[in-house]
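Report on one structure; see the data block that follows.
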Amino acid sequence: MNAPAEDRLFGWKGRGLRLGLGVNAALVYGFLYLPVVVLMVFSFSGSRYATVWGGFSVQWYVRLLDNQVLLSALRTTLVLAVCATLLATVLGTMAAFGLRRLRGRLRGLLETWFFLPVLVPDLVLAIALLMFFVLVAQLQLGLGTLIIAHSVFCTAYVAAVVGARLKGFDDRLEEAALDLGATRWQVFTRIKLPLVWPGILGGALLSLALSLDEFVISFFVTGPGATTLPIEIYSMVKRGVTPEINALATLMLLASIVLATLSILIQSKNSS
Numbered sequence: 008m009n010a011p012a013e014d015r016l017f018g019w020k021g022r023g024l025r026l027g028l029g030v031n032a033a034l035v036y037g038f039l040y041l042p043v044v045v046l047m048v049f050s051f052s053g054s055r056y057a058t059v060w061g062g063f064s065v066q067w068y069v070r071l072l073d074n075q076v077l078l079s080a081l082r083t084t085l086v087l088a089v090c091a092t093l094l095a096t097v098l099g100t101m102a103a104f105g106l107r108r109l110r111g112r113l114r115g116l117l118e119t120w121f122f123l124p125v126l127v128p129d130l131v132l133a134i135a136l137l138m139f140f141v142l143v144a145q146l147q148l149g150l151g152t153l154i155i156a157h158s159v160f161c162t163a164y165v166a167a168v169v170g171a172r173l174k175g176f177d178d179r180l181e182e183a184a185l186d187l188g189a190t191r192w193q194v195f196t197r198i199k200l201p202l203v204w205p206g207i208l209g210g211a212l213l214s215l216a217l218s219l220d221e222f223v224i225s226f227f228v229t230g231p232g233a234t235t236l237p238i239e240i241y242s243m244v245k246r247g248v249t250p251e252i253n254a255l256a257t258l259m260l261l262a263s264i265v266l267a268t269l270s271i272l273i274q275s276k277n278s279s
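So for the sequence shown, our numbering puts the first residue at 8; every next one is plus one.
Have a look at this one:
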């Protein structure tokens with residue numbers, strides 16, 4: 008086969024491969040996001056049926072503001088998410104700094120155990136936390152147990168994000184500052200913290216998004232008077248899917264997308 012013919016053959020193969028990969032990517036994204044798009048579209052339907060289009064309307068979003076049960080669940084969810092995020096951010100940041108100081112097998116072992124809540128299925132973690140709260144700690148299930156449970160898995164995510172940020176930290180900066188007479192506290196507040204701050208903020212936003220959407224763990228460790236928004240949506244769905252549920256799910260989805268996007272932008276901008 009001469010060179011021009013060979014170039015044409017591989018050129019056609021390359022274009023065919025790119026076309027095939029493009030079609031495959033389009034099908035995958037369509038499979039993942041088409042149901043979400045349908046949900047968002049029907050949240051603006053004027054029909055009282057969730058799957059019947061009745062013309063454009065925002066009445067279901069307006070009704071959400073008059074639903075006191077949902078507003079109460081929203082307040083509980085926001086309090087839970089903020090408290091769990093603050094606690095997880097502090098603990099996760101401290102853990103990331105502490106793990107970075109370790110060396111050898113001990114560091115690998117502790118990292119594995121620390122990030123275990125991320126690897127364990129939510130159902131297993133939820134049952135374990137429920138048994139701990141009831142049988143060991145003998146705590147009354149409610150908002151307090153929800154905050155502790157959410158902090159457990161959110162702390163691991165914060166530690167992972169901050170730890171990744173710390174990997175790019177140059178230890179020579181710390182050594183130079185100490186040689187010039189700076190204290191450990193000054194090194195931490197004036198050198199380390201400003202450099203790691205984007206990772207801390209990104210981890211906090213990620214934790215906030217995860218806490219807002221968490222259902223399985225919340226379902227197991229909640230108690231009377233501490234119903235979160237995902238649990239309330241689950242109770243509503245059991246009675247039938249309505250356009251009001253579509254509207255509420257759309258708002259929660261948009262909030263999660265905004266928080267996750269901000270987390271990614273903050274980390275990528277400061278990394279570059």
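Each residue gets a CB set at the ideal place from its N, CA and C atoms; glycine is no exception.
Give the DSSP bridge partners of F63, in chain order.
Translated into the one-based positions of the sequence shown, residue 63 becomes position 56. According to DSSP, F63 bridges with S52.
In terms of alpha-carbon separation, which member of S158, T152, F160 and V203 lies closest to D177?
For this step, residue 177 is matched to residue 170 along the sequence shown. Nearest C-alpha to D177: V203.
What is the DSSP secondary structure of D177, reduced to helix, strand or coil?
In the sequence shown, residue 177 corresponds to position 170, counting from 1. DSSP places D177 in coil when its eight states are reduced to three.
If L180 sits next to I207, beta carbons under 8 Å apart, how far is it from one beta carbon to the other, in whole angstroms?
Taking the sequence shown and counting its residues from 1, one reaches residue 180 at position 173. Taking the sequence shown and counting its residues from 1, one reaches residue 207 at position 200. Wrong, their Cβ atoms sit about 18 Å apart, outside the cutoff.
Taking a contact to mean a Cβ-Cβ separation below 8 Å, would you say T100 touches V165 in this structure?
In the sequence shown, residue 100 corresponds to position 93, counting from 1. In the sequence shown, residue 165 corresponds to position 158, counting from 1. Yes. Within cutoff.
If you follow the alpha helix (DSSP H) that Q244 is in, where does it begin and where does it stop?
For the purposes of this step, residue 244 is taken as the residue at position 237 of the sequence shown. The residue asked about is misnamed: residue 244 is Val in this sequence, not Gln. Segment L236 to K245, the alpha helix (DSSP H) holding V244.
Can you give me the C-alpha to C-alpha distance between P237 and Q145, rounded to a whole angstrom?
Here the question's residue 237 lines up with position 230 in the sequence shown. Here the question's residue 145 lines up with position 138 in the sequence shown. Approximately 26 Å between the Cα atoms of the pair.
Between V59 and V48, what straight-line distance do the alpha-carbon atoms span, to the nearest angstrom?
To locate residue 59, count along the sequence shown from 1; it is residue 52. To locate residue 48, count along the sequence shown from 1; it is residue 41. So the two alpha carbons sit approximately 11 Å from each other.
Consult DSSP for Q145 and reduce its assignment to one of helix, strand or coil.
Position 138 of the sequence shown, counted from the start, is the residue given in the question as residue 145. Three-state result, Q145: coil.
Count the other C-beta atoms from every protein chain shown that fall within 10 angstroms of the C-beta of A88, then say buried if there are 16 or more, exposed otherwise.
Mapped onto the sequence shown, residue 88 falls at position 81. When all chains shown are included, A88 counts as buried.
Could you tell me if E13 is buried or exposed, where buried requires 16 or more neighbouring beta carbons within 10 angstroms of its beta carbon?
If you number the sequence shown from 1, residue 13 lands on position 6. Confidence at E13 is low in this model, with a pLDDT of 47, below 50, so its placement is unreliable and the value that follows should be read with caution. Exposed, by the Cβ-count rule.
Which of helix, strand or coil does DSSP assign to N31?
To locate residue 31, count along the sequence shown from 1; it is residue 24. Here N31 sits in helix by DSSP.
Evaluate L113 with the Cβ neighbour count: other Cβ atoms within 10 Å of its Cβ, from every protein chain shown; 16 or more gives buried, anything less gives exposed.
The sequence position of residue 113 within the sequence shown is 106, counting from 1. Taking every protein chain shown into account, the CB of L113 has fewer than 16 other CB atoms within 10 angstroms, so this residue is exposed.
Helix, strand or coil: which one does DSSP assign to T268?
By 1-based counting over the sequence shown, the position of residue 268 is 261. Of the three classes helix, strand and coil, the one that applies to T268 here is helix, per DSSP.
Within 10 angstroms of the Cβ of F17, are there 16 or more other Cβ atoms? Answer buried if so, exposed if not.
Position 10 of the sequence shown, counting from 1, holds the residue named residue 17. With a pLDDT of 49 at F17, under the threshold of 50, the modelled position of this residue cannot be trusted; read the value that follows with caution. Exposed, because fewer than 16 other Cβ atoms sit within 10 Å of the Cβ of F17.
How big is the Cα-Cα spacing for G209 and T92?
Along the sequence shown, read from residue 1 onward, the residue named residue 209 stands at position 202. Along the sequence shown, read from residue 1 onward, the residue named residue 92 stands at position 85. Approximately 11 Å, taken between the alpha carbons.
Less than 8 Å between the beta carbons of L136 and F227, yes or no?
Taking the sequence shown and counting its residues from 1, the one referred to as residue 136 is at position 129. Taking the sequence shown and counting its residues from 1, the one referred to as residue 227 is at position 220. Yes; because the gap between Cβ atoms is below 8 Å, this pair is in contact.
At what residue ranges does the stretch 160-204 contain a whole run of the alpha helix (DSSP H), taking only runs of 4 or more?
178-186 and 191-194
Sorted by chain position, which residues of the same chain lie with C-beta nearer than 7 Å to A254's C-beta, five sequence neighbours on each side aside?
Residue mapping note: residue 254 aligns to position 247 of the sequence shown, counting from 1. For A254, where only same-chain residues beyond five positions count, the Cβ hits under 7 Å are S50, W67, Y68 and L71.
So, with DSSP's three-state summary, where would you put F38?
One-based indexing of the sequence shown puts residue 38 at position 31. Helix, per DSSP.
Nearest to I271 by alpha carbon, out of L260, L258 and P205?
What you label residue 271 is simply residue 264 of the sequence shown in a count that begins at 1. Among L260, L258 and P205, the Cα nearest to that of I271 is on P205.
From which residue to which residue does the alpha helix (DSSP H) around L130 run?
The residue labelled residue 130 in the question sits at position 123 within the sequence shown. Unbroken alpha helix (DSSP H) run through L130: D129 to M138.
Apart from the five residues on each side of it in sequence, which residues of its chain come closer than 7 Å, Cβ to Cβ, to M243?
Indexing the sequence shown from 1 puts residue 243 at position 236. I252, listed in sequence order.
Could you compute how far the alpha carbon of S263 sits from the alpha carbon of L185?
What you label residue 263 is simply residue 256 of the sequence shown in a count that begins at 1. What you label residue 185 is simply residue 178 of the sequence shown in a count that begins at 1. Between S263 and L185, the C-alpha separation is close to 42 Å.
Apart from the five residues just before and just after F140, which ones in its own chain have a Cβ nearer than 7 Å to its Cβ?
Indexing the sequence shown from 1 puts residue 140 at position 133. Same-chain partners within the cutoff: L146, L148, T152 and V228.
If you reduce the DSSP assignment to three classes, tell me which class T229 lands in.
Locating residue 229 in the sequence shown gives position 222, where the first residue counts as 1. Three-state DSSP puts T229 in coil, outside helix and strand.
Taking Cβ to Cβ, would you say A163 is nearer than 8 Å to V125?
As a first step, residue 163 is located in the sequence shown; it is residue number 156 there, counting from the start. As a first step, residue 125 is located in the sequence shown; it is residue number 118 there, counting from the start. Yes, they are a contact pair.
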